[in-house]
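Structure first, then comments.
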Amino acid sequence: MAEDHTTTPSAGGSSEVPVETFSIDDHEQAIPHRSPRLPPRRLKQRHIAGTLGTGLFLGSGQALSGAGPVGALIAYSLVGTVAYSSLCSLGEMTSFAPVPGSFPYYAARWVDPALGFAVGHFWLVVTVPVELSGVQLLTQFYYNGQSDAAGCDAVNNSTNSTPVMQNPTILRPSISYPVTVAAWAASCVINIFGARFVVSNVCTSQLNVLLVCLITGLIIAGLVIDLGGAPTKDRLGFRYWKNPGVFARAHLVEDDIQLDRFLGVMSVIVQAAFSFQGMEIAAIAASETESPRRNVAKAIRKSFFRILFFYILGIFVAGLIVPFDSPLLLQPFQSASTASAIVSPYVIAMKCVSIRVLPQVVNAGLITSAFSAGNSFLFAASRILFGLAVQGQAPAFFLRTTNNGVPIVAVLFTGSFGLLSLMGVSQHPQKVFQWLVNLSTVGDFFSWATINLTYYYFYCGLKQQGRDRKNLQYWSRLQPWLSIWGVFWCTIFILISGFQVFWRFNASDFFSAYINIPIFLGLYLLWKISKKTEMWIPEDMDFDSGIPTLEETELPYRRPNGFWGKFADAVF
1 MAEDHTTTPS AGGSSEVPVE TFSIDDHEQA IPHRSPRLPP RRLKQRHIAG TLGTGLFLGS
61 GQALSGAGPV GALIAYSLVG TVAYSSLCSL GEMTSFAPVP GSFPYYAARW VDPALGFAVG
121 HFWLVVTVPV ELSGVQLLTQ FYYNGQSDAA GCDAVNNSTN STPVMQNPTI LRPSISYPVT
181 VAAWAASCVI NIFGARFVVS NVCTSQLNVL LVCLITGLII AGLVIDLGGA PTKDRLGFRY
241 WKNPGVFARA HLVEDDIQLD RFLGVMSVIV QAAFSFQGME IAAIAASETE SPRRNVAKAI
301 RKSFFRILFF YILGIFVAGL IVPFDSPLLL QPFQSASTAS AIVSPYVIAM KCVSIRVLPQ
361 VVNAGLITSA FSAGNSFLFA ASRILFGLAV QGQAPAFFLR TTNNGVPIVA VLFTGSFGLL
421 SLMGVSQHPQ KVFQWLVNLS TVGDFFSWAT INLTYYYFYC GLKQQGRDRK NLQYWSRLQP
481 WLSIWGVFWC TIFILISGFQ VFWRFNASDF FSAYINIPIF LGLYLLWKIS KKTEMWIPED
541 MDFDSGIPTL EETELPYRRP NGFWGKFADA VF
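Heads up: the sequence shown at position 369 corresponds to 369 in full-length UniProt numbering, and the numbers run straight through without jumps.
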């Protein structure tokens, strides 16, 4: 068991944790004997179910417009398998070692300290501002006008009511500045109050319930619209699969329609992956989770059904109720100086079938989703930075905590990147949003690739040392093939993330799509060369020191009581 320690309070009610010195670059000891103080393990399984952020709602619109309903479904299904492989890999490693630092720590401990350094610092920057930018785009729904003149009109012709976009407007700085700053400040304040508040019954547990109910309600509403239950009584069925069709063209190869449609599917991979961001937060919070091995295992097992229902079924229904050529969708090549008043396919569909009040309610739910996701990403980023400081891979002042154990300096530092979202306030809101989406999503590809690569090393190490991973609280029968699948596709996704620029070259798009590659390699080589690190070999991997036992982390299991208790346990 890790030794207890005391902290010395300092000015401002914070403390700098005395951590026993060690070097993760030495192949002797990878974890300090003394774990820095974090908040007690009080998070429950329903608090770490993952986040449903902006990508699930806004990303689906752009994926639909870029690939068509079946093309988007293919892209979401493919990316979903990669996300699931990463969750299974991370869940098994977390079940073995629920310690601070999460996947950057595992990469440093079982692959190469330089890899942990690179992926840890790489993950910190743009996850929070992309959600705040999503809040900007969603809040404009209320002040760009909600009348038919600023929305869509049903056009009764052979295409059967394709929405037509009117003149969109630029975001108003007088409104967007205070909205963005208020959302950013609220995220920082909430996180400073500590993990118990960030993911408490008051803040995130009930938000998770709200968001699950929201996406469930949207799917049901989409089916009702499709089957003719809307005020217009227009039964859509698979109308939009016939006209304009099931696949959209990328308009890159004009003389080969099939190849151009294939490129259309590939062009929305980033948008599809953006929807899956945040699912790994369940494992990142393991060091502050009650009974982490059992609860993280439950969260990972349920992720398969969340992917199938929320993401795959969600994009399928969206493709039934909005044609992919609707100009109201957030087009990837739309003018960068404008912002559509409506960006969610579900909200578009409701507006265009004369549902008057529900779109405002749904849009408020989407804003709540984006804000909640920003909170969760800030929590996760601060804990990863704290874990890097524990390993000696970030400055020691990031170890400073409040008296409640909140890593205050790490929270403030990672939270400061949220101000990057202000770039899109005055002009080019969609363009800035797309830049942040590209940067954060391609960054996630690197994270997923690292998670799966680390798991493969972890798997080989356990096997070489004769350890049975089936004794873990969570293990997958599909491993190590899932991890190999994940590494392969993440590599492909990284390479094709901005392939469109080679047909329509644009320096800013090329930069946002591929700048991640030299940054990641630069971070890796910086630590590799300066610290002269070596790759771990299976025989030398340390699977014992600093890892808490089951008795130290797991509480006796209590079966849920009553219908609602059992329902919540099954769903969340």
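We treat Cβ as the ideally placed atom computed from N, Cα and C, and that holds for glycine.
All values reported here derive from a predicted model rather than from experimental measurement.
Burial state of residue i, where buried means 16 or more other Cβ atoms lie within 10 Å
{"i": "I529", "result": "exposed"}
{"i": "E254", "result": "exposed"}
{"i": "W435", "result": "buried"}
{"i": "L399", "result": "buried"}
{"i": "W481", "result": "exposed"}
{"i": "D540", "result": "exposed"}
{"i": "Q271", "result": "buried"}
{"i": "Q258", "result": "exposed"}
{"i": "F117", "result": "buried"}
{"i": "K233", "result": "exposed"}
{"i": "E551", "result": "exposed"}
{"i": "P518", "result": "exposed"}
{"i": "F310", "result": "buried"}
{"i": "N452", "result": "buried"}
{"i": "A185", "result": "exposed"}
{"i": "L525", "result": "exposed"}
{"i": "L227", "result": "exposed"}
{"i": "G189", "result": "Residue 189 is actually Val in this sequence, not Gly. It counts as exposed."}
{"i": "P295", "result": "Reading off the sequence shown, one finds Asn at residue 295, where the question assumed Pro. Flag for N295 reads buried."}
Sequence-distant residues of its chain with Cβ nearer than 7 Å to residue i (five each side left out)
{"i": "M279", "result": "G50, A83, L87, S303"}
{"i": "I219", "result": "L313, G314, V317"}
{"i": "F397", "result": "V409"}
{"i": "R467", "result": "F543"}
{"i": "G237", "result": "D226"}
{"i": "N516", "result": "L439, V442, G443, F446"}
{"i": "I284", "result": "S102, A380, R383, I384"}
Cutoff 8 Å; reference residue i; Cβ partners in own chain excluding five residues on either side
{"i": "T553", "result": "R41, P98, S291, P292, R293"}
{"i": "T414", "result": "L124, V128, L378, A381, S382, L385"}
{"i": "G222", "result": "V317, A318, L320, I321, Y346, A349"}
{"i": "I269", "result": "A75, L78, V79, F493, I496, S497"}
{"i": "N157", "result": "A caution first: N157 carries a pLDDT of 39, below 50, which makes its placement in the model too unreliable to give a value."}
Neighbourhood of residue i by C-beta distance below 6 Å, restricted to the same chain and skipping five residues each side
{"i": "W475", "result": "E92, R469"}
{"i": "V265", "result": "A67, G71, I74, A75"}
{"i": "M423", "result": "V432"}
{"i": "V357", "result": "none"}
{"i": "S89", "result": "I451, N452, Y455, S483"}
{"i": "A250", "result": "D260, L263, G264, S267"}
{"i": "T441", "result": "V270, A273, F274"}
{"i": "C490", "result": "F445, W448, A449"}
Simplified DSSP state of residue i, which is helix, strand or coil
{"i": "R400", "result": "strand"}
{"i": "E92", "result": "helix"}
{"i": "N438", "result": "helix"}
{"i": "G498", "result": "coil"}
{"i": "Y524", "result": "helix"}
{"i": "F193", "result": "coil"}
{"i": "T553", "result": "helix"}
{"i": "V135", "result": "helix"}
{"i": "N243", "result": "coil"}
{"i": "S344", "result": "coil"}
{"i": "Y84", "result": "helix"}
{"i": "M279", "result": "coil"}
{"i": "P395", "result": "coil"}
{"i": "K233", "result": "coil"}
{"i": "A72", "result": "helix"}
{"i": "T533", "result": "coil"}
{"i": "G314", "result": "helix"}
{"i": "Y474", "result": "coil"}
{"i": "W123", "result": "coil"}
{"i": "W182", "result": "Just to set this straight, residue 182 is Ala in the shown sequence, not Trp. Of the three classes helix, strand and coil, the one that applies to A182 here is helix, per DSSP."}
{"i": "E539", "result": "helix"}
{"i": "P518", "result": "helix"}
{"i": "L329", "result": "coil"}
{"i": "N561", "result": "coil"}
{"i": "D256", "result": "coil"}
{"i": "V487", "result": "helix"}
{"i": "L320", "result": "helix"}
{"i": "W110", "result": "helix"}
{"i": "F262", "result": "helix"}
{"i": "G101", "result": "coil"}
### Message
So, does the segment 536-551 touch the segment 110-127, judging by three or more C-beta pairs under 8 Å?
### Response
yes
### Task
Report yes or no: do the segment 432-447 and the segment 407-414 share at least 3 C-beta pairs separated by less than 8 Å?
no
### Task
Mind the definition here: the segment 366-375 touches the segment 505-522 only if three or more C-beta pairs lie below 8 Å; say whether that holds.
no
#### Entry: Inter-stretch contact at 8 Å, needing at least 3 Cβ pairs: the segment 120-134 / the segment 315-326
no
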